[in-house]
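Mapped onto full-length UniProt numbering, the consecutive letters of the sequence shown carry residue numbers 1 to 145.
A virtual CB, placed ideally from N, CA and C, is assigned to each residue, including glycine.
All values reported here derive from a predicted model rather than from experimental measurement.
Written out below as structure tokens is the structure these notes cover.
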Amino acid sequence: MRSIFIIKKKVIIIIFCVLAIVGILVYFAVPYLSVKHDKELEESLNKLIKEDNSKTIDIGDLITYDWERAYMFHPYTEEADMKDILGLKFHDPVGMALMDDVELLVVVKDDNTFEYAKIQRGNGDLSMGVEYITPKNDVVEITHP
Numbered sequence: 001m002r003s004i005f006i007i008k009k010k011v012i013i014i015i016f017c018v019l020a021i022v023g024i025l026v027y028f029a030v031p032y033l034s035v036k037h038d039k040e041l042e043e044s045l046n047k048l049i050k051e052d053n054s055k056t057i058d059i060g061d062l063i064t065y066d067w068e069r070a071y072m073f074h075p076y077t078e079e080a081d082m083k084d085i086l087g088l089k090f091h092d093p094v095g096m097a098l099m100d101d102v103e104l105l106v107v108v109k110d111d112n113t114f115e116y117a118k119i120q121r122g123n124g125d126l127s128m129g130v131e132y133i134t135p136k137n138d139v140v141e142i143t144h145p
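Next comes the structure, spelled out in structure tokens:
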């Protein structure tokens, strides 16, 4: 009888430990899983900046999914600063704190997940003029070198 009680106690402890480990893994994995690379947006933006002599781009015309807002992060931006600005859990997918040749466009989708696009600075820089853009206010300025 006593050995059954000890076995049940050990099983409960093992189950608790497994659940705790799974919980910790999920907590730390969610920011990594909620960021996706939007290669189509990245290619379109870089192509427009490189080939087009226009001074503005309507970002909303290039985004093919429902979104709430988009932010531009410039070189050397720390991940902690990105999290503060976004107000959500976020994992910097490209290491902007160490980059000087790209800007990062982060699009916050309706379900609070993220899509990102790297913009090569050699062809021009983007400027929003505001903290973030929305589908109703989606024009950004291009400064060509």
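C-beta contact flag for N112 and K50 at 7 Å: no
Check whether V139 and T77 have beta carbons under 7 Å apart: Annotated as distal: V139 and T77, with beta-carbon spacing of 7 Å or more.
Short Cβ contact (7 Å threshold) for K43 with H74: Note that residue 43 is Glu in the sequence shown here, rather than Lys. Contact: no.
Closest by C-alpha distance to V108, when choosing among L98, G95, D101, M72: M72
Cβ distance (whole Å) where Q120 is taken to contact D101 below 8 Å: 7 Å
Residue(s) in a DSSP beta bridge with L105: M72, A117
Inter-residue Cα distance where the pair is L86 and K8: 46 Å
For T143, the nearest candidate out of E131, G129, D125, P135 (CA to CA): D125
For L126: DSSP bridge partner residues: In the DSSP secondary-structure assignment, L126 is bridged to I142.
Close Cβ partners of D84 (< 7 Å) along its chain, the five nearest in sequence each way excluded: none
Sub-7 Å separation of I38 and D66 beta-carbons: Here residue 38 turns out to be Asp, not Ile, going by the sequence shown. Not a contact, by the Cβ cut-off of 7 Å.
Rounded separation between L88 and K10 - CA only: 38 Å
Contact check, V18 vs P93, beta carbons under 7 Å: no
Assigned exposure category for L105 - 16 Cβ within 10 Å defines buried: buried
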